[in-house]
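**Student:** Going line by line, the protein sequences match chains D, V, A and X.
Letter by letter, the first sequence follows residues 1 to 469 in this note's numbering.
Letter by letter, the second sequence follows residues 1001 to 1469 in this note's numbering.
Letter by letter, the third sequence follows residues 2001 to 2144 in this note's numbering.
Letter by letter, the fourth sequence follows residues 3001 to 3144 in this note's numbering.
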Amino acid sequence: MARPRRDARRTALEHTRHQVLSHPLARGITPREVQDYLAKVPRRRFPRVAYDERGPLPCIQPRGGVPLFEAQHALTRRLSEAGADFVPLTIDSYTRHNQYDTATQLLRRSEEEGKDYLNGYPLVSHGHELSRELYTGIDKPISLRHGTPDARLLAEVALASGIAEIEGGGICYCLPYSEGFPLDRCLLYWQYVDRICALYSTEDRPIHRESFGPLSATLVPPAIAIAVQIIEALLAAEQGVVSFAVSFGQTGSLIQDVAAARVLKHLTRSYLDEFGFETTRAYLVYHQWMGQFPQQREKAAALIAGSAMISGMVGADKVVVKTVDEALGVPRPEVNAEAVDSVRYMLRIFACAAPVTSPLIDREAALIKSEVRSIIGAIFDLSGDVFWESVYRAFQMGYLDIPFSPHSDNANLLVSMRDANKSIRIVDRGHVPISDADAEQERALLASVGDRNDKTYRQLLGDINMMMV
Amino acid sequence: MARPRRDARRTALEHTRHQVLSHPLARGITPREVQDYLAKVPRRRFPRVAYDERGPLPCIQPRGGVPLFEAQHALTRRLSEAGADFVPLTIDSYTRHNQYDTATQLLRRSEEEGKDYLNGYPLVSHGHELSRELYTGIDKPISLRHGTPDARLLAEVALASGIAEIEGGGICYCLPYSEGFPLDRCLLYWQYVDRICALYSTEDRPIHRESFGPLSATLVPPAIAIAVQIIEALLAAEQGVVSFAVSFGQTGSLIQDVAAARVLKHLTRSYLDEFGFETTRAYLVYHQWMGQFPQQREKAAALIAGSAMISGMVGADKVVVKTVDEALGVPRPEVNAEAVDSVRYMLRIFACAAPVTSPLIDREAALIKSEVRSIIGAIFDLSGDVFWESVYRAFQMGYLDIPFSPHSDNANLLVSMRDANKSIRIVDRGHVPISDADAEQERALLASVGDRNDKTYRQLLGDINMMMV
Amino acid sequence: MEKVCAGRVVVGVIGDDIHVVGNRIMQLALEESGFQVFNLRTRNRPEHFCQAALEVNADAVFVSSLNGEGEYWCADFRRQFADVGLGGILLYVGGNVVVGKRAMADVVSLFTGYGFDRVYHQQPDIGVAIADLLEDLKRGKAQA
Amino acid sequence: MEKVCAGRVVVGVIGDDIHVVGNRIMQLALEESGFQVFNLRTRNRPEHFCQAALEVNADAVFVSSLNGEGEYWCADFRRQFADVGLGGILLYVGGNVVVGKRAMADVVSLFTGYGFDRVYHQQPDIGVAIADLLEDLKRGKAQA
Ligand code: B12
Ligand code: B12
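1) Quick one: does D/T357 have its CB under 9 Å from some CB of chain V?
2) Give me the chain D residues within the contact set of V/V1469, using Cβ-Cβ distance strictly less than 8 Å, ordered along the chain.
3) Do D/V321 and D/A308 have their C-beta atoms closer together than 9 Å?
4) Hey, D/Q61 and D/A84 are a contact pair by Cβ (cut 8 Å); roughly how many whole angstroms apart?
5) With three or more beta-carbon pairs closer than 8 Å as the criterion, would you say the stretch 180-198 of chain D touches the stretch 152-163 of chain D?
6) The alpha helix (DSSP H) that contains V/F1380, what's its start and end?
7) Does DSSP put V/D1428 in a helix, a strand or coil?
8) If we call anything under 9 Å between Cβ atoms a contact, is V/G1120 one with V/S1408?
9) What residues from chain D crowd round V/M1466, counting only those whose CB sits closer than 8 Å?
10) D/I255 and D/E371 - do their beta-carbons sit closer together than 9 Å?
11) On the DSSP letters alone, give me the boundaries of the beta strand (DSSP E) that V/M1417 sits inside.
12) Compare the C-beta of X/T3042 with all C-beta atoms of chain D and state if any pair is closer than 9 Å.
13) Using only alpha-carbon positions, find the residue among D/V335, D/A302, D/A447 that is nearest to D/M346.
14) Determine the burial state of A/C2005: buried for a count of at least 16 other Cβ atoms within 10 Å of its Cβ, exposed for fewer.
15) Return yes when the C-beta of D/E326 is under 8 Å from any heavy atom of ligand 2, and no when it is not.
16) Excluding sequence positions up to five away, which residues of its chain have a Cβ less than 7 Å from the Cβ of A/M2001?
17) Are there 16 or more other CB atoms within 10 angstroms of the CB of V/V1242, so buried, or fewer, so exposed?
18) Could you name the residues of the stretch 1056-1081 of chain V whose beta carbon sits closer than 7 Å to any beta carbon of chain D, in the order they occur along the chain?
19) Roughly how many angstroms lie between the CA atoms of V/T1279 and V/I1376, to the nearest whole one?
20) Compare the Cα-Cα distances from D/R27 to each of D/D401, D/E203, D/L38, D/L130 and report the closest residue.
21) With respect to 8 Å, is the separation between the Cβ of D/S216 and the closest non-hydrogen atom of ligand 4 below this value?
22) Would the C-beta of D/A339 count as close to ligand 2, meaning under 8 Å from any of its heavy atoms?
23) Say the cut is 8 Å; is the CB of A/M2104 nearer than that to a heavy atom of ligand 1?
24) Please work out which residues of its chain come closer than 7 Å, Cβ to Cβ, to V/F1069, disregarding the five sequence neighbours upstream and downstream, and give them in chain order.
25) Let me know the secondary structure DSSP gives D/Y177 once reduced to three states.
26) Determine the DSSP secondary structure at A/M2001, reduced to helix, strand or coil.
27) Is any non-hydrogen atom of ligand 2 found closer than 8 Å to the C-beta of X/M3026, if you look at the structure I gave you?
28) Report the residue ranges of all beta strand (DSSP E) runs contained in full by the stretch 60-106 of chain D; include only those spanning at least 3 residues, in chain order.
29) Between V/G1083 and chain D, is any beta-carbon pair separated by less than 9 Å?
30) DSSP three-state label for V/K1318, please.
31) Report all residues from its chain with a CB closer than 6 Å to the CB of V/G1169; omit the five preceding and five following residues, and keep chain order.
32) Following a CB-centred definition, is D/I484 positioned closer than 8 Å to any heavy atom of ligand 1?
33) To the nearest angstrom, how far is the alpha carbon of D/A481 from that of D/I230?
34) When you compare the stretch 1094-1107 of chain V with the stretch 1038-1056 of chain V, are there three or more beta-carbon pairs, one atom per stretch, that lie closer than 8 Å?
35) Exposed or buried, X/V3084, counting other C-beta atoms within 10 Å across all chains shown (16 or more means buried)?
36) So, using beta-carbon positions, are A/I2087 and A/S2065 closer together than 9 Å?
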């Protein structure tokens, strides 16, 4: 049985770190030089500063990463000028899998042929010296978006480039993004990332970490997503991270969105406090619909507008936006800028002073909260010397089970579906330790849609593709 | 002092009716023939049938009226195929002002030059025989949208054309739509319309009346709009109308929208019951933003999407939609069909089982309710033999005062502005009889936006053009 | 502090148009800029503008058309003013001056053809026209 | 009631692509239509498909590419199958098979050039491909 503890902080990092930084693509990064560099970049590069200075509207963050430096530079300006409050740097999928050679090779080919062979910016291939220049003059946080199980070198290069927000985590960047990457190693590698973020943090310039709550973005019950978020917040706090954002993806149900936001906010704070991490600040990030997008631009635009409204209603600190081209391929800069524009417009005109509620929302929140408490409580009770080991065991036991994870360590026993309100319901909890009463309630709520026992692929596809109606 | 009474029902209608129907453009309409015709049109032409058969989503009604018969015919099919649940017939502004000759003249000119010189369909000029053909095969309600103080002939022609929903009312089609039309006459003319609607109604085919809650669509405090709606419902019920929709326009504040819908629904029912009109069914209609629209299509589309979502959240029975071309001129049929599409898409994906609330919404609803009760109570206490006379006096006294009404009988003493939540606040109640406590609360809520005493035209224009940010 | 009057302006909405919101704002805005405003409000014929301009010796006439009837009613506008000896008066028109959507350039040339000095089709900020008016009046005085 | 096996299909996602949702659905859908499915899941190289097809004596191979790496990895696809004596096997590809947006016709001709029999770029309904497969298999048998 292991609970989060301040003294689980990783020690004797030096050796591994030396190894990581001696990779040729680290191009001689030294922590001292980076520390000095970070002390000089504009203060608003640090998310906590940006968050604390934000007005009543959530901050807006688009997506975007292209292979060539010039193009990424242009995209960065474009998005910043369009009014993005956070500027993204999305990494290509080779780099995500540590295949720096392939990434470099395809980068060269892209440069030569003027055609993109990568679906993101290969930060490690470009290196920190060049990449710093992406951001000269930008006084907004840059957010590293990737999906990398072993992000040690990537994070080092990112921090050295003046990027003060690192997305990811040992669970959220492993289970949805990898098939075979060993989860225990991933958790350890992310301890490394958390730790170096903590080491680079100063009182007024804390490096910010963010977790990725949408996971597989497909029929993930809120209780699972929230449990993962809280666990990653605790794991980061153990390593000394003091600025952290939990996040979740639009569920497809307004009721569940509002309920999930409420529970996520409340429980994150309460668990952090319970384990002595009162000084760790927690923020809430809302992802616009992360699942299958409609292909028609008008529908995509409507979905984006509606979900922008919800991000305001749930009281998010930041909303990560999609574009009308989501279902069609990596969006062009104009399309990205447009998305920022229309989300900001929606937030402005529908600014909503306070979160709403309803009896249905209250009931949903109570159910989710009870489920999350059961899951996290059961994980605390698992064997292990330190918390991350219990977390690792949780997957072996199927206590945490993420629908549509490609990962071979995922239990894949949990089955979920949508109810009449489009809320995601747990049809079969598998080994996820929610109470019988909660499991019963999940099934009862599902019953509202009538008999869905003849579960054909079409029904499932309908639930997955709910935004394509 | 006069309250609504069943025995205020208009008698001895025959003489006036004979006069109205002897207008050459009535083309020999006889009530008997119309009665027979109405008994034969599809039952779903009657709104009550459509409403009672609707699923969980609000019915959708686009706007649309073009001068030429062929074009209107095509528009009707187009909108119906696009999935409109109610098909509109919007009338041109000459017909609205009973200038049938000018309308006919411009209709001919439009026909000859193939260019539209009218901003709607001149129903009276076209006549009922031709206009019946607009709707052969259509089994949805047709909704007459106009803005006509004296709609007697227009309503006769509409009913004779198989149109079973007549929008308007003695207040809502006078104060916002006319400068000098005598209000007392207007109230009487609408008694005529209400009465013939009642006379044509049968048990299972009731002619439906709808009031127009947005009024001038500009900074109208919800209490004023709701009071007008309730009064018109009562006036119609007095004449025997048994199917009636109250409506309101998006206020610009989610809080106020939800609060207004709740109060409007609740009080309409309770007043109807109080005066013995238990059998009159009342429905709720939500108008998408009726004020100044953004000119950029992307913003207009976002506004339409967001407001579609709200129509679901407030539990509307019907939503009347705008188009992305609203600020640019009368929309083309394609654009109208697109609007239906995207509103339906939003309603589907954001279907919300139950109305939401929040402490702010509760407070807003309590305030609005108290104001409406004060206003209506005070009107009941005004002198007059019958209710409509008290209503007429209410405008003379400034008890009802509609901001930005062009009408010379409007007091124009009430001043309104937006607070920090964009809710419409009464800055100066003029002679509107809301209590001191409520007036005080209105001002206190406004205080949240800081000092707005230096009321320049720019500030006012900012509040009016709030969707143009 | 007494304000100097920047000029006299007749404002009003033409045709059977009852869109009065912009009209009210225009009055406020012109007054704030020091103009004396004579507001004919809604539902006016060209001759109403003529009469008013004569009566108050106006420097300029601001015609609004929101529902697009302007196209129909304004065709003869300048001539009617010339007929009563006001050929040199400044004529501005604004709002949604035609029915339906049409290219801005077409709309502008239509109304300049009708004799208007300036056309503000679908331009929400009245401030621009007021600046232009101050300019036009200065130039007019300089010429005189 | 025993079902006749409609055929054997190897399915999998190519490249470093981990988009597995469509892959799971494809398995369910093919099985519902009576096919025996061999699912290689995510992150496969062309040779993995070859090996599997050989091993199970597949009638068809369904390659998914969601993140667009397909363009890179599939260039040599048909030849690799021909090399191991499977030149006649049915090759289908689907998903978001290229990076970025490109005209549908270009995408289709690119992949037919690679030797694919059918290309389903951005077509959410897998049902269509299954109907085509049944058709292609029938025709194949008729020819044999
Ligand atoms: C509010 C509104 C109404 C209200 C009006 C309340 C009232 N009594 O004022 C109601 C709901 C009653 C109404 C009714 C109708 N309306 Co209406 N309405 C609008 C809407 C949404 C906003 C107008 C507004 O108040 N804007 C805010 C003010 C501040 O802006 P503004 O009026 O443009 O004025 C500013 C500038 O234009 C400029 N300006 C104006 N005039 C002038 C003149 C000069 C010289 C200068 C320099 C500047 C200038 O300065 C002003 C202040 O900044 C517009 C669409 C839009 N624009 O979004 C349609 C719109 C004007 N309406 C329209 C129509 C057709 C009607 C109706 C005929 C039919 C209908 N759709 O219901 C009726 C009947 C009206 C009639 N008999 O004329 C059409 C006109 C179509 C066209 N021109 O092609 C529009 C464009 C909507 C549409 N797309 O169909 N409407
Ligand atoms: C969900 C999702 C994710 C989830 C995936 C979870 C998981 N493990 O599966 C997460 C969030 C983890 C993710 C990550 C990434 N994603 Co992603 N993702 C999506 C999204 C939104 C939906 C995909 C989906 O599940 N659809 C639902 C299923 C049922 O549909 P389907 O996969 O298309 O499959 C159906 C059909 O295509 C067809 N089909 C599929 N294959 C085949 C094969 C044959 C032979 C046939 C006949 C039919 C067929 O049948 C299936 C069932 O009906 C799409 C965008 C979209 N489409 O809306 C982007 C998208 C695919 N992702 C994209 C990218 C770039 C990534 C990332 C690389 C970077 C990023 N944006 O974060 C990462 C890393 C992934 C990696 N290493 O490969 C891009 C690909 C760009 C391109 N092709 O140009 C897309 C298009 C988004 C975008 N516009 O940028 N993603």
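Heads up, the beta-carbon is just placed ideally off N, CA and C, and yes, glycines get one too.
**Tutor:** Well, looking at it:
1) If you number the first sequence from 1, residue 357 of chain D lands on position 357. With 9 Å as the cut-off, D/T357 counts as an interface residue toward chain V.
2) For the purposes of this step, residue 1469 of chain V is identified with residue 469 of the second sequence, where counting begins at 1. Those are Y345, R348, I349, listed as they occur along chain D.
3) Here residue 321 of chain D corresponds to residue number 321 of the first sequence, with the count starting at 1. Here residue 308 of chain D corresponds to residue number 308 of the first sequence, with the count starting at 1. Result yes, Cβ atoms of D/V321 and D/A308 sit closer than 9 Å.
4) Here the question's residue 61 of chain D lines up with position 61 in the first sequence. Here the question's residue 84 of chain D lines up with position 84 in the first sequence. Yes, they are in contact, since the Cβ atoms of D/Q61 and D/A84 sit about 6 Å apart, within 8 Å.
5) These segments touch.
6) On the second sequence, position 380 is the one that residue 1380 of chain V refers to. Note, V/F1380: alpha helix (DSSP H), 1359-1380.
7) Residue 1428 of chain V sits at position 428 when you count from the first residue of the second sequence. V/D1428: strand per DSSP, three-state reduction.
8) The residue you call residue 1120 of chain V lines up with position 120 of the second sequence. The residue you call residue 1408 of chain V lines up with position 408 of the second sequence. Cβ distance not < 9 Å, so V/G1120 and V/S1408 don't count as in contact.
9) As a position in the second sequence, residue 1466 of chain V is number 466, starting the count at 1. In chain order: I349.
10) Taking the first sequence and counting its residues from 1, the one referred to as residue 371 of chain D is at position 371. Taking the first sequence and counting its residues from 1, the one referred to as residue 255 of chain D is at position 255. No. Outside cutoff.
11) Against the second sequence, residue 1417 of chain V aligns to sequence position 417. For V/M1417, the enclosing beta strand (DSSP E) begins and ends at 1415-1418.
12) Indexing the fourth sequence from 1 puts residue 3042 of chain X at position 42. Yes - at least one Cβ of chain D is within 9 Å of the one on X/T3042.
13) Counting from one through the first sequence, the residue named residue 346 of chain D turns up at place 346. Here the closest residue by C-alpha is D/A302.
14) What you label residue 2005 of chain A is simply residue 5 of the third sequence in a count that begins at 1. Exposed: under 16 other Cβ atoms inside 10 Å.
15) As a working note, residue 326 of chain D is residue 326 in the first sequence. Yes, the Cβ of D/E326 comes within 8 Å of a heavy atom of ligand 2.
16) Position 1 of the third sequence, counted from the first residue, corresponds to residue 2001 of chain A. Note that A/M2001 scores a pLDDT of 47, beneath 50, so its modelled location is shaky; the value from the coordinates is reported in the next line. Excluding sequence neighbours, A/M2001 sits near nothing in its chain.
17) Within the second sequence, numbered from 1, the residue matching residue 1242 of chain V stands at position 242. Buried is the call here.
18) none
19) The residue given as residue 1279 of chain V occupies position 279 in the second sequence. The residue given as residue 1376 of chain V occupies position 376 in the second sequence. Those two C-alpha atoms are separated by around 22 Å.
20) Here residue 27 of chain D refers to the residue found at position 27 when the first sequence is read from its first residue. When only C-alpha atoms are compared, the closest one is D/L130.
21) Only ligand 1 and ligand 2 can be found as ligands here, which leaves ligand 4 out of the picture.
22) Locating residue 339 of chain D in the first sequence gives position 339, where the first residue counts as 1. For ligand 2, not one heavy atom lies less than 8 Å from the Cβ of D/A339.
23) For this step, residue 2104 of chain A is matched to residue 104 along the third sequence. Distances from the CB of A/M2104 to the heavy atoms of ligand 1 are all 8 Å or more.
24) Your numbering for residue 1069 of chain V matches position 69 in the second sequence. Same-chain partners within the cutoff: H1126, L1130.
25) Working through the first sequence from its first residue, we reach residue 177 of chain D at position 177. Note: D/Y177 maps to coil in three-state DSSP.
26) What you label residue 2001 of chain A is simply residue 1 of the third sequence in a count that begins at 1. Only weak support is given to the placement of A/M2001: the predicted model assigns it a pLDDT of 47, under 50, and the value that follows is read from those uncertain coordinates. Coil, per DSSP.
27) The residue you call residue 3026 of chain X lines up with position 26 of the fourth sequence. Result yes, Cβ under 8 Å from ligand 2.
28) 87-90
29) Translated into the one-based positions of the second sequence, residue 1083 of chain V becomes position 83. False, the Cβ-Cβ gap to chain D never drops below 9 Å.
30) Indexing the second sequence from 1 puts residue 1318 of chain V at position 318. Strand at V/K1318.
31) On the second sequence, residue 1169 of chain V is found 169 positions in, with the first residue counted as 1. Closer than 6 Å at Cβ, skipping near neighbours: W1190, S1211, E1232.
32) For residue 484 of chain D there is no data in the structure shown, the boundaries of chain D being 1 and 469.
33) With chain D represented from 1 up to 469, any question about residue 481 of chain D goes unanswered, as that position is not in the structure.
34) no
35) The sequence position of residue 3084 of chain X within the fourth sequence is 84, counting from 1. In summary, X/V3084 is exposed, with fewer than 16 beta-carbon neighbours lying within 10 Å of its beta-carbon over all protein chains present.
36) Against the third sequence, residue 2087 of chain A aligns to sequence position 87. Against the third sequence, residue 2065 of chain A aligns to sequence position 65. Note that residue 2087 of chain A corresponds to Gly in the displayed sequence, not to Ile. No, the pair does not count as a contact, with Cβ atoms beyond the cut-off.
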